[in-house]
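Residue numbers (the working numbering), protein chains in the order written: chain A, 20 to 337; chain B, 15 to 261.
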């Protein structure tokens, strides 16, 4: 491993230890909840970043993977009586499968840029309407997970349990990203992002590389969906396949710096800090906090196109 | 090593490449010349798999590769560069070249080390950590060449690697290309810079309006009446002859 990769790994380890130690010092459920939701946003952001930042394919419909993971976990538990831990890998696999479908259709026909974004959005909408219609997913009413608090059930009595699970998921996403930065596959993916023609001329199977990227991204996003269901015990079509999740997935990397390892983490922390601050300072007038949030976002995108990471480095690889 | 026969492609009513056949032997530098819009780059795109021909065949190292996708053709040992260079702009020179090196090297460390070695061969070794987007045109042309070279080609298709360079830069590039050939790589180049064609190339094909109109050594070709007319207009060859006789 090269020195830069070792440094990244050390930083990740430090971060993991710091977060893991939190429950020892912090007992406030409120604070731990903020940290959990921040990590959850970082997970979705890192998953999006793998496809959007390293693959250059900007998805505007990552909810399609999130919702699939969430519904897979809920349906398997409610309708088939599966254990939640057993449902997790199944949901992840299903997320990858849906990603393979979306990826095959879009990349086979050479959809890029805004066309790809629109197709992913359309997929999420179609899934939302389906989930709203069929009996299987509980239709518009949604699905409620029966409350059976125990670690063996992926339902923890204390927030610390959830913190460790989401930390593990987020770290997994970060380690995959670290691998992208230091592997042949990652080099091929970034080459395809920067110029598909040049990449193909150098022997890169552009279609395959992008397909694998979207499958990794979809699988990780589906894991986020499972976490959501276990944490909130409830899912409905609007939450699962709505625009909210699709936007949440791309916000953290865009604010933090796309195509970087730490961008989605930094972005998630910055956004949640802003989010909590505006909510607490302007909580009395609903909507204002969202407007301020939006304003900050617009300013960030116009003045810091490379996100928070852009402050730290002159080049994306420096 | 490369056999092209009856290759044709039409864009609407335009016969971009029409019935082109040529045969390229191993270990040489050959060139493809012709006026702007003659179909040279289109022919390259057909040979390297970026376009599928309407008719005709391409065979490489004795195997039919017609219609294969570009990355497969590249893996068989034919690597092309682009006239309009397309560096991976957000990446450093080293990382750019390593993409080519990765074709035959799975390990990141091996690919990066190989990239350095290739950079030395094309004279980019003092710019390894620069972003590709910060290179000059001459630097980008070298990078385009280096990336292709790193993929370990047996046949290198160079599309105007000298265009846009000043005379000084051109004379620096000529020995680089010659060294590539001496290293065992066959080179087919599209070139407008006649100094380079005359200097490097052992055999030349001339393309005009999508058809081959002449072939031979550069000296033979440059005295061919049809070639002179293709470049300088109808009747020019005759006039030049008359003037030469009169003088």
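For each residue, glycine too, the CB sits at the ideal point set by N, CA and C.
Everything numeric in this text was worked out from a predicted model, so none of it was measured.
- Using a CB distance cut-off of 8 Å, residue 97 (chain B) does not count as an interface residue toward chain A.
- Nearest to residue 37 (chain B) by C-alpha distance, out of B:91, B:200, B:49, is B:200.
- Note on geometry: alpha-carbon atoms of residue 261 (chain A) and residue 128 (chain A) lie some 26 Å from one another.
- Taking 8 Å as the threshold, the shortest C-beta distance from residue 145 (chain A) to chain B does not fall below it.
- Rounded to the nearest whole angstrom, the C-alpha separation of residue 24 (chain B) and residue 58 (chain B) is 15 Å.
- Setting aside the 5 residues that flank it on each side, residue 92 (chain B) is surrounded in the same chain by 74, 169, each with a C-beta closer than 6 Å to its C-beta; the list follows chain order.
- In this structure, the straight-line span from the alpha carbon of residue 230 (chain A) to that of residue 185 (chain B) is close to 44 Å.
- Using a Cβ-Cβ cut-off of 8 Å, residue 165 (chain B) is close to 221, 222 of chain A, given in chain order.
- Taking 8 Å as the upper bound on Cβ-Cβ separation, chain B lies near residues 201, 202, 203, 206, 207 of the region 186 to 207 of chain A.
- Sequence-distant Cβ neighbours of residue 129 (chain B) in its own chain, meaning closer than 7 Å and more than five residues away, are 108, 111, 112, 115, 164.
- At least 8 Å separates the beta-carbon of residue 46 (chain B) from that of residue 246 (chain B).
- Under the three-state reduction of DSSP output, residue 325 (chain A) falls in the coil class, being neither helix nor strand.
- Taking C-beta separations shorter than 6 Å and ignoring five residues to either side along the sequence, the partners of residue 79 (chain B) in its chain run 72, 87, following chain order.
- When DSSP reads this structure, residue 219 (chain B) sits in a beta bridge with B:46, B:229.
- By the C-beta criterion, the region 186 to 206 of chain A is judged to be in contact with the region 28 to 39 of chain A, since at least 3 inter-stretch pairs fall below 8 Å.
- Residue 76 (chain A) has its alpha-carbon roughly 21 Å from the corresponding atom of residue 112 (chain A).
- Judged by DSSP in its simplified three-state form, residue 174 (chain A) adopts strand.
- A straight line joining the alpha-carbon of residue 301 (chain A) with that of residue 308 (chain A) spans about 6 Å.
- Interface residue (Cβ-Cβ distance to chain B less than 8 Å): residue 27 (chain A) is not classified as such.
- Annotation: the region 143 to 183 of chain B contains the following complete segments of the alpha helix (DSSP H) (minimum length 4 residues), in chain order: 151 to 164.
- When Cβ-Cβ separations below 8 Å define contact, residue 109 (chain A) makes no contact with chain B.
- Within 7 Å of the CB of residue 232 (chain A), no CB atom of chain B is found; the nearest one sits about 16 Å away.
- Within the DSSP secondary-structure output, residue 78 (chain B) pairs in a beta bridge with B:73.
- Of the other Cβ atoms in all chains shown, fewer than 16 fall within 10 Å of the Cβ of residue 310 (chain A); this residue is therefore exposed.
- As the crow flies, the alpha-carbon of residue 244 (chain A) is around 49 Å from that of residue 173 (chain B).
- Sequence-distant Cβ neighbours of residue 219 (chain B) in its own chain, meaning closer than 7 Å and more than five residues away, are 36, 46, 226, 229.
- Out of A:93, A:297, A:158, the CA that lies nearest to the CA of residue 315 (chain A) is found in A:297.
- Taking a contact as a CB-CB distance under 8 Å, the pair residue 242 (chain A) and residue 88 (chain A) counts as one, their CB atoms being some 6 Å apart.
- Chain A places a beta carbon closer than 8 Å to that of residue 117 (chain B), counting this residue as a contact.
- Contacts with chain A at 8 Å (Cβ-Cβ) include residue 85 (chain B).
- Between residue 211 (chain B) and residue 232 (chain B), the C-beta gap is smaller than 8 Å, which places the two residues in contact.
- With a 10 Å radius around the Cβ and a threshold of 16 neighbouring Cβ atoms, residue 143 (chain B) comes out exposed.
- The C-beta separation of residue 250 (chain B) from residue 257 (chain B) comes to about 10 Å, leaving the pair out of contact by the 8 Å criterion.
- For the pair residue 85 (chain B) and residue 189 (chain A), the Cα-to-Cα distance works out to about 34 Å.
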